[in-house]
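Data block below; observations after.
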Amino acid sequence: MVDSLHRVLGLSDEEATKIGDILKRTPNPLELAMYSVMWSEHCSYKSSRLHLSRLPTSAPWVLVGPGENAGVIDVGDGIAVAIRIESHNHPSAIEPYQGAATGVGGILRDIFTMGARPIALMDSLRFGSLDDARSCWIAEGVVSGISGYGNAVGVPTVGGEIDFDSTYQGNPLVNVLCLGTLPKDRLVLGRASGIGNLAVLLGSSTGRDGIGGVSVLASAGFSNQVDVEKRPSVQVGDPFEEKRLIEACLEIFDSNLVVGIQDLGGAGLTCATSETASRGGVGMDVDISAVPQREPGMEAHEIMISESQERMLAIIEPNNLDLLFEICAKWEVNANVIGRVTAGDKLRILDRFDGNVLAEIPASSLHDDAPIYDRPKKKPEENKTVSSEKLKVKSDVVSDLLSLLSDPSWVYSQYDHQLFLNTVVGPGYDATVLKLRDPVSGLETNKGLAITTDGNHRWCAVNPRVGTKLIVAEGVMNLSCVGAHPLALVNCLNFGNPENPEVMWELSESIDGMAEACEGFGIPVVGGNVSLYNESSGVNISPTPIVGLVGKIEELHRKPPGFELLEGNRLVLLGPSHIDVGGSLWSALHGLNSGELIDVDLETHKVLADLVRSLVSDGIIDGIHDLSAGGLGVALAEMVAKSKFGITVARIPDALSLFGEGPSRVLVSINSENVNELLSRAESANIPTTRLGLVGGDRFIVKDLIDVPKETIDLAFLTQLPNALGVGTVSA
Amino acid sequence: MTATVGVAVFPGTNCELDSIHAVETLGGDGKILWHSTKNLSGVDAVIIPGGFAHGDYLRPGAIARFSPLMSAIAKFAKNGGPVLGICNGFQVLTEAGLLPGALQKNNGLKFLCKTVQVRVETENTTLTRKAEKGMELSLPINHFEGNFTCDLDTLNSLIDHDRVVLRYCDNPNGSIDDIAGVCNETRNVVGLMPHPERACDLLLGSEDGKVLFESLLGSN
Amino acid sequence: MRIGLAVGVSLVFSVLVDVSLRKGIADPAGSTIERSLPTLGFLGVRDVGVGKTIRFTIEAEGEEEAKNKVESICSTFLTNPVIEEAKITIENTDQVEGN
Amino acid sequence: MRIGLAVGVSLVFSVLVDVSLRKGIADPAGSTIERSLPTLGFLGVRDVGVGKTIRFTIEAEGEEEAKNKVESICSTFLTNPVIEEAKITIENTDQVEGN
Ligand SMILES: Nc1ncnc2c1ncn2[C@@H]1O[C@H](COP(=O)(O)OP(=O)(O)O)[C@@H](O)[C@H]1O
Ligand SMILES: [Mg+2]
């Protein structure tokens, strides 16, 4: 019986044999269940670990790199920033609201586990196309879930991304990034040490939530038609519990009560207890009868792998227990001693502290001995090149432009993006800008933090290596557009089934592209998350790496320019003119997803980013927008839609010039008196410039190509999402 | 003269530090009042700030209004003490019966975070005495349940007694008669859905909230 | 009432509180649903009203006491009488509980 | 089915959909209410669960059609069967409506 149990739990025969070798005996079902969740793709990164090691992770300002719950960097003034991004794709596919909500809850815990107060969330979302009713239902539910949880837990959601494409039909992507600040000396790590110390479980009681969620939900694709009864039980988030948990934990850290702390996420108690023990080089005894249970009759393995939300495991010295209980009582947070740190290296699960041993495993074997796979890779057949001629014939410039416009404000107006009085530039622009405050006194430092998330599956589908480089480059330019220089990157790698060699090739290429860009720009990767098996009905999603970049603004004394167009402004395009249609939003609109991607020249890009940053911080320009999906046409239209005036531009001969995409291009609007200053700065930096035209009037005019009222642009921009998604569900 | 403003904190409240910040920017002193206390420690005014007291479960404000702090605040208000409820604080005050009406889900069933224009409708309250009637203010809103509702008799009485404090210029949530804020009969208790504490700094977009806090700070 | 129960021993009642909006109070949730249904292809639906239910068990010495307790919980806490009204259903579960 | 109705004439049914969380699914609202009741002075209340109701009228040619329509509205729009279950009650209001 037991030898087929491992397969039911998702362990391969080789993995089962390896477990037998580690234990030097046959594992019992509880032990097997614990290995199965910890050795799942989700927890062990068994398909990606080998490749992730190629990413650059160090810089003098990095305090904690990948491997802990979140990356931490030093931003000066005694302040550190913790940052992390994580996916909640599969849960969101079956219960959009709760899937997204618990995704927010999970990433928050990763941040306050480090001793940081979470001050900002960002969400990067991908759904099937807007004409698919189920995709709209999912999108609506996900946005409501992020809104419902994020707002109530009291952490502002200050930016993100949203995109719709049939590649995500049945498998949406929900990636959430969280950033927190902490006094540099309050850094807390997830380790247990000190024999005799206690493991205290804080927060919610444990139910049968997400049992098997880790191995079943996150590690195996599922088809669209899941039998309702067989669905694993879904986790429900409780933002109120999490809010109290945040406040209690921060007060506990301030009182210096913990030796280490760890959030409970995937694989629940199994992961938290074994990870703290193995990081501290100790063992741990866990008394499952001390775990408060929400439902009667729970079995040991259910308690050990439950993914009930809003729980933390604190390791404390016994003489601090009363103080800890006191703080928890103040915040109405349950606290129960469930474990003891022991000498040796064994994680033992007991039915009482002096009772029967239900499982006994070397704690570190759950992590360190997890399999690492070098899965076969295979480059897919060459893509056929899209002919821009074919596109030109097919396209009507005006209607194409209008179809490419979409204002995400329908999304972010549902998110509190202002709490904590930090948000100088909120969602809706190239990057978000927050005031950097002292995390203890709340006093302003007159410096700023900038955050952006970027991804583009169209580029990565054409060329995952170059596409990923371009995404990092876009993030860097987005930071420059608000006057910030990059300090660190986190990433979430959303890919298909790694057992498919072409998917493995995409993953490996994408990581190489990211490594190359990060090395070129000098940006350390401080954390990330890998989400594989993003497929539905056997079709893999297009490769979708998402990057989050955090940067710093040295002097934040005025609002960065934004998309402002002022009457009489000149419009100038900065950067090389090399563009193509491969991987462009425009070709996707016409159902063509192949072609060539133009590689980014990292040196040129850096020089342009520096130029842009100086233009912004010296206050020379009035408006700015980097060119991305949809090219020059979409950038122009977005700036027009967000300001009061129309434009007249020339030197754009055809649709290709309007919608083609290429790296390192930035559009600025500038007072005529400052144009010479701009041109001379660009010239000395060796950056090409194109004078496009003028701001003014109430029409959107591209000479010989487009002449429509500004209102037409505004309307297309504003109404696309509300028209498609406004209907909504009532579940909340 | 420095006014001390007590800022109520229930589990789930989240705008308390922002409110204290606004009070202190304008020269007042902010002081946290924990929900389990009955002691207002001599504050000159009370703010019940925004957030999700007790998770907003059941109804926003339904659980919070039973706290010991709320009985102390009711007594304080009865003695003429200025009390300001912002957003969730407004909801708590209606649940506690210190203000009329109730706040339902927004029309359209979406949470709304954006900046709106509101008009000051009366100068005769502790929150608006330094403002001018008819003045338009640019203030952020941030709520799911901000749709003010009451029966017609109550509405008529609010209008007849000049108790509508703020109205939306462009109603975002379906509130009856565009009402964004109301006061009690004695005009010392005011509740409003917009967040004036988010509008006290030009770098964040607006300074229009300052006049309201100035009124509150100088109002006893 | 049962006979023979020791003093202080309670019965357990199961309670359903069905909360709806008072007549004349606008129902934004209901009207939003009503407006969206046709666009989803569902026709002929009218007068949509959204309410909530609170179910629980309560201990009391008898039906009368249970009813009084529940009514008081309802009017002071579970509903906001300014806009809501409640219909209460109480059932004896036949469970006896010591205290 | 009534006899003698002209083709295309519908009956109006009144519908109650009672939505609750499936067993085993966490109910944060219910447990928060349960935790707060003792501090409000109400003792002996347990197993609090919060659900919602949706009431409406629907036109259909007969009970069978009404039932099918409501079930489809329920599972595609009003509830997510992954976490919620719905109890549907349909009553013929005896109203006839032309179309
Ligand atoms: N899901 C979302 N949540 C919050 N903000 C969003 C979301 N989607 C988009 N935004 C905001 O809208 C703006 C435009 O997004 P996007 O078009 O992806 O920008 P870009 O192409 O410049 O990276 C961004 O500043 C972002 O913060
Ligand atoms: Mg960008």
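Protein chains in written order, with the working numbering: chain Y, 1054 to 1785; chain D, 202 to 421; chain R, 1162 to 1260; chain F, 1162 to 1260.
The beta carbon of each residue, even a glycine, is placed where N, CA and C say it ideally should be.
As the structure is a prediction and not an experimental result, all values here were calculated from the model.
Looking only at DSSP bridge pairs, what is residue i linked to?
i	result
F1180/Y	F1217/Y
Q1346/Y	T1259/Y
D1760/Y	I1754/Y
K1605/Y	L1502/Y and H1538/Y
A303/D	T350/D
C314/D	N343/D
G1566/Y	Note: G1566/Y sits in no beta bridge, so no partner.
V206/D	G231/D and A246/D
Y188/D	A query on residue 188/D cannot be resolved here, the shown segment of chain D reaching from 202 to 421 and no further.
C1545/Y	N1582/Y and I1599/Y
The alpha helix (DSSP H) that contains residue i, what's its start and end?
i	result
N1142/Y	N1142 to I1147
R1102/Y	R1102 to L1105
V1092/Y	The sequence shown places Trp at residue 1092/Y, not Val. Careful: W1092/Y lies outside any alpha helix (DSSP H) and carries neither H nor E.
G1333/Y	G1321 to G1333
Leaving out five residues on either side along the sequence, give the residues of the same chain with a beta carbon under 6 Å from the beta carbon of residue i.
i	result
V1061/Y	none
V1728/Y	R1623
I1072/Y	P1080 and Y1088
I1249/R	V1178 and V1231
A1247/F	V1178, V1180, C1235 and T1240
Q1773/Y	S1459
D1469/Y	N1204 and P1209
I1576/Y	P1539 and L1542
C1754/Y	For the sequence presented, residue 1754/Y should be read as Ile rather than Cys. T1701 and D1760, listed in sequence order.
R399/D	P341
Report the neighbours of residue i on chain Y: residues whose CB is nearer than 8 Å to its CB, in chain order.
i	result
A1187/F	S1257, G1260, D1262, Q1288, V1289, D1291, R1347, S1361 and Q1362
Which residue from the options puts its Cα closest to that of residue i?
i	options	result
G1205/F	E1246/R, R1183/R and E1222/R	E1222/R
A1367/Y	A1252/Y, V1693/Y and G1408/Y	A1252/Y
N1373/Y	W1639/Y, N1228/Y and I1305/Y	I1305/Y
G1256/Y	A1173/Y, G1212/Y, G1203/Y and R1347/Y	R1347/Y
S268/D	D1188/F, S1197/F, I1186/F and A1190/F	S1197/F
L1235/Y	V1117/Y, G1334/Y and W1190/Y	V1117/Y
C1302/Y	G1333/Y, A1423/Y and L1161/Y	L1161/Y
Y258/D	F345/D, A400/D, P397/D and G375/D	F345/D
S360/D	N372/D, P373/D and I380/D	According to the sequence provided, residue 360/D is Ile. The question's Ser does not apply to it. Per the Cα distances, I380/D.
V1128/Y	D1675/Y, N1224/Y and A1112/Y	A1112/Y
E1295/Y	V1157/Y, A1412/Y, L1226/Y and P1349/Y	V1157/Y
In the DSSP assignment, find the beta strand (DSSP E) that holds residue i and state where it starts and stops.
i	result
F1217/F	V1206 to A1221
S1120/Y	For clarity, residue 1120/Y is Gly in the given sequence; the question names Ser instead. First-last for G1120/Y: undefined, no H or E at that position.
L1720/Y	V1719 to I1723
F1378/Y	It is not in any beta strand (DSSP E) - F1378/Y instead sits in the alpha helix (DSSP H) that spans L1374 to K1383.
C154/D	One cannot answer for residue 154/D here, as it falls past the ends of chain D, which runs 202 to 421.
Which residues in chain F sit within 7 Å of residue i, going by Cβ to Cβ distance?
i	result
I1147/Y	V1243
How would you list, in chain order, the residues of chain D whose beta-carbon sits under 7 Å from the beta-carbon of residue i?
i	result
I1194/F	Y258 and L259
A1190/R	K306 and L310
Check the Cβ of residue i against every Cβ in chain F and list those closer than 8 Å, keeping chain order.
i	result
H255/D	T1193 and S1197
Using C-beta distances below 7 Å, list every residue in its chain close to residue i, excluding the 5 sequence neighbours before and after it, in chain order.
i	result
N1582/Y	I1138, E1139, S1140 and C1545
G1628/Y	L1661, S1717, R1718, V1719, I1740 and P1741
G1397/Y	G1336
Starting from residue i, find everything on chain D with Cβ-Cβ shorter than 9 Å and list it in chain order.
i	result
F1238/R	L259, A263, I264 and F267
T1657/Y	Chain D residues near T1657/Y: none, gap ~33 Å exceeds 9 Å.
L1201/F	I264 and F267
Got a sec: does ligand 3 put a non-hydrogen atom nearer than 7 Å to the Cβ of residue i?
i	result
S1331/Y	This structure lacks ligand 3; the ligands present are ligand 1 and ligand 2.
Give me, in chain order, the residues of the same chain whose beta-carbon lies closer than 8 Å to that of residue i; leave out the 5 immediate sequence neighbours on both sides.
i	result
T203/D	G228, G229 and D230
P1242/R	S1236
For residue i, go through chain R and note every residue whose CB falls closer than 8 Å to its CB, in chain order.
i	result
C351/D	V1243
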